[in-house]
Structure formats: C-alpha cells, structure tokens
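Comments concern the structure below.
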Amino acid sequence: MHPIERLRYVARAHGASHAVMVGETAAALGSFGRDPQGLVTACRRIVDRQPSSGPLWWLAARTLTATDPIREAQSAAAEIDDDRTPRALADALPEDATVLLLGWPELSPGGLPRRGDLEVLVCDVDGAGDDLVLRLLRAEVDATDVAIHGLGAAAAEADVTVLETGAMGPSGFLAPAGSRAAAAVARQAGHDVWLVAGVGRLLPERMFTALCDRVVSADSPWEDDLELIPLDLVDKVVGPTGPANPTDALRRTDCPVAPELLKPLIQGS
Numbered sequence: 088m089h090p091i092e093r094l095r096y097v098a099r100a101h102g103a104s105h106a107v108m109v110g111e112t113a114a115a116l117g118s119f120g121r122d123p124q125g126l127v128t129a130c131r132r133i134v135d136r137q138p139s140s141g142p143l144w145w146l147a148a149r150t151l152t153a154t155d156p157i158r159e160a161q162s163a164a165a166e167i168d169d170d171r172t173p174r175a176l177a178d179a180l181p182e183d184a185t186v187l188l189l190g191w192p193e194l195s196p197g198g199l200p201r202r203g204d205l206e207v208l209v210c211d212v213d214g215a216g217d218d219l220v221l222r223l224l225r226a227e228v229d230a231t232d233v234a235i236h237g238l239g240a241a242a243a244e245a246d247v248t249v250l251e252t253g254a255m256g257p258s259g260f261l262a263p264a265g266s267r268a269a270a271a272v273a274r275q276a277g278h279d280v281w282l283v284a285g286v287g288r289l290l291p292e293r294m295f296t297a298l299c300d301r302v303v304s305a306d307s308p309w310e311d312d313l314e315l316i317p318l319d320l321v322d323k324v325v326g327p328t329g330p331a332n333p334t335d336a337l338r339r340t341d342c343p344v345a346p347e348l349l350k351p352l353i354q355g356s
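Here you go:
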C-alpha cells in the first residue's frame, strides 16, 4: 500500500483498533524521512482526523520531537504491539470476581481466557457487547450480555467495574458514554473501579486538553459517544506493569509535548 493511502486509511478508519492505526501510521510516516514539513502536516492531519486516539497523539508527538523521527515512529509502533496490559489486568483481578465491562474494549478482554474463575458482565453500550460475549463464551469464559438499561444494576453487583480509556491525562480520561454512570454506581456500592490505560494512552495535560477540545462537546456533551470522566472515580489504573493508584500511574506518562499538534490543522475540526 502506498504511504499516502495508508494515511488516508487511518484518517477514514472507524472502529479500527489503536494498535492497527498506530502501526499503519508509523509505516506511512517512513516516507517523510526527507520531508520535515510534510511530516509535520501528516502528523497534524492524523490527530485531526482521529482526535480521540491517545496512541496516535503519542505517536505523532514522539515522532515530531525525536532526532530520528522515523526510527522513533517504528519504536512506538513496536511498543504498542508489545503491550502487556491485557495480561497485567487478568493477573491482577481478584479470585472468583464478577467483572463488568462496557461494550467491546480493545485491551481488557485479552487476558480473561487465562482465568477460569471470573464471571464477566458485558454491558452493550456500543452495539458490540453481544459479540464480545460470544467471543468470551467460545473461550470458555463465563460471560453474560447486559442490556444498557441494566447498567446500574450490573455496576452495583460487580466486584470490579473495568473501564478502558483511549486517552488519559492529569485532569481525567475519556471513556465510552455510560462509563461515568457505571463508575459512580460502583463507588456508591462500595466496589472497585479500575481503569485500563495501555501503552500510549497517558498524555501530558497540554496534549490531553488539545485532544479533549476536539472530542468533547462544550454545549451538549451528553450527545457524545465518549465522555470526560474525573480520575477521582477510579481506584486503580492498570497499565503494562500492573495496577497503580492514579497519581502513581500518571508518572509513567512518556508522551512529550509537541506544540505543532496543539492547534487544529483544519480549523473548526
């Protein structure tokens, strides 16, 4: 595939995983090794077209601030591919726990088949929950499909509500609509709320704010597919090295600030 076509694929992709988009983008950016201005434009265009993907912001920022941008892009893609967060989550969950997932998150289900003692409730907030339930059942995981109107009851019942974010910063994180309600109910019921934030999801505040400005509606946020949630609703953040409290988790933020990305290339986007 021609590099420009790769970038167009990422720009148009809907439902593609962060790992796929990072891999395709990193491969495409290799063609800009002798075109610094073209590299800046390509990175800005990608985050404008896929603004909710923290890993794409992380990739673009690392690429633009590196002395060898092409090698840095390749390194970032390899780190995404080697993300051990799914296994870390599966290893950390309590024995015989009932776990609530929302929709079909990218990382959280990956390690669950390694555990034979979990009951997994999957709330269908995005139309993909029933497909995840079928996948888990085939892997011999005890899984149940929960309709959206049962979200509150499921959050009150589950031992651990597991949310997943595509982007997190010091001021909060983005997660699918319904996540805030689930977290609030779980906390009120005295149960744990864990946030899965894999490689490339943690951003410094300036980068996270620029991302949220493109994603979260100022006037009617209740109409968005993603919502901004405060970190004080989270007990633990699970990354590739396992769970940590939110303050400690933020210390592994490895995304630099790239000023070129802070303002949209496409005004009004």
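Its first residue numbered 88, the sequence shown is counted upward by one per residue in the numbering used here. From the three backbone atoms N, C-alpha and C, an ideal C-beta is built for every residue, glycine too.
For the 9 Å CB-CB criterion, Gly190 and Ala230 do not form a contact. In the structure shown, Trp191 adopts coil according to DSSP, grouped into three states. Looking at Leu313, Leu337 and Pro346, the one whose alpha-carbon comes closest to that of Pro138 is Leu313. His278 places its beta carbon 9 Å or farther from that of Ala331. Within the region 89-166, no complete beta strand (DSSP E) segment of 3 residues or longer occurs.
One alpha carbon belongs to Ala269, the other to Asp319, and they sit about 14 Å apart. Scanning Asp211, Gly253, Phe260 and Gln124 for the CA closest to the CA of Gly237 turns up Asp211. Closest option to Val233, judged by alpha-carbon separation, among Ser258, Asp213, Lys350 and Arg225: Asp213. Taking C-beta separations shorter than 7 Å and ignoring five residues to either side along the sequence, the partners of Ala184 in its chain run Leu205, Asp246 and Val247, following chain order. In the three-state DSSP reduction, Asp311 falls in the coil class, being neither helix nor strand. In the three-state reduction of the DSSP assignment, Gly197 falls in the helix class.
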